[in-house]
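What follows is a short report on a single structure.
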Amino acid sequence: MSEHPGWHGTTIVAVKRGGHVCVAGDGQVTQGQATVMKGNARKVRRLSPGGHDVVAGFAGSTADAFTLLERLEAKLEATPGQLARACVDLAKDWRTDKYLQKLEAMLIVTDGDTLLVVTGAGDVLEPEHDVAAIGSGGNFALAAARGLMETDGDAEAIARGAMAIAAEICVYTNGNLTVETIGRS
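With my numbering as the guide, the letters of the sequence shown map in order to residues 988 to 1172.
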């Protein structure tokens, strides 16, 4: 599957609540089971194609993710303000283009209204329960965020809490976070 099967280390969680979406990602990149290669990678980015803010978090190969983010920006410029359409167009290209098929990454994207997970399998998923997570520690962060949705916390508090829990449990997740919040209220 990957040229570097021993590389791990991304946890991205997104929480939608109260008219805002918060996307948080850790900074750890790990090789094998014992070596932290980098502790402050920035895997959550704010994009502004055509003047419309979008926040994206990525898991997988960094170069592959940047290629996908560039393609997503182009799709968003072609369809301003239509995140779902841009993501579906990206997923179609990703699934059918021979070059893009080799890319190993996943994306969480939001414009503050819509929250989507985009995969190379052609999936564009709107998560249940207004929570999505990807990456090595994604399942830990997802479970924690789902539990924290029962509290009164806002989107950012829940995302930060979920990442803190994931960092305590998952050896491929650290507490060095990049956090972006976007809203349409």
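We treat Cβ as the ideally placed atom computed from N, Cα and C, and that holds for glycine.
As far as DSSP is concerned, residue 1156 takes part in no beta bridge.
A straight line joining the alpha-carbon of residue 1146 with that of residue 1065 spans about 31 Å.
Under the three-state reduction of DSSP, residue 1049 is assigned to helix.
The Cβ atoms of residue 1098 and residue 1070 lie closer than 7 Å to each other. According to DSSP, residue 1168 shares a beta bridge with 1009. Its Cα nearest to that of residue 1141, the residue 1168 stands out among 1168, 1061 and 1023.
Distance from residue 1047 to residue 1078 at the Cβ level is roughly 15 Å; contact not present, criterion being Cβ atoms closer than 8 Å. With 16 or more other Cβ atoms from the protein chains shown falling within 10 Å of its own Cβ, residue 1143 counts as buried. The region 1052–1068 makes no contact with the region 1008–1021; the number of CB pairs closer than 8 Å stays below 3. Around the beta-carbon of residue 1033, fewer than 16 other beta-carbon atoms lie within 10 Å, marking it exposed. Here residue 1025 carries a strand assignment [DSSP, helix/strand/coil]. Straight across, the Cα-Cα distance linking residue 1114 with residue 1009 is about 14 Å.
Between the alpha carbons of residue 1073 and residue 1125 lies a distance of about 24 Å.
When the alpha-carbon of residue 1160 is set against those of 1001, 1004, 1007 and 1026, the nearest one is in 1026.
Look at residue 1092 here: in three-state DSSP terms it is strand. For residue 1107 against residue 998, the beta-carbon gap comes to about 19 Å, at or over 8 Å, which does not count as contact.
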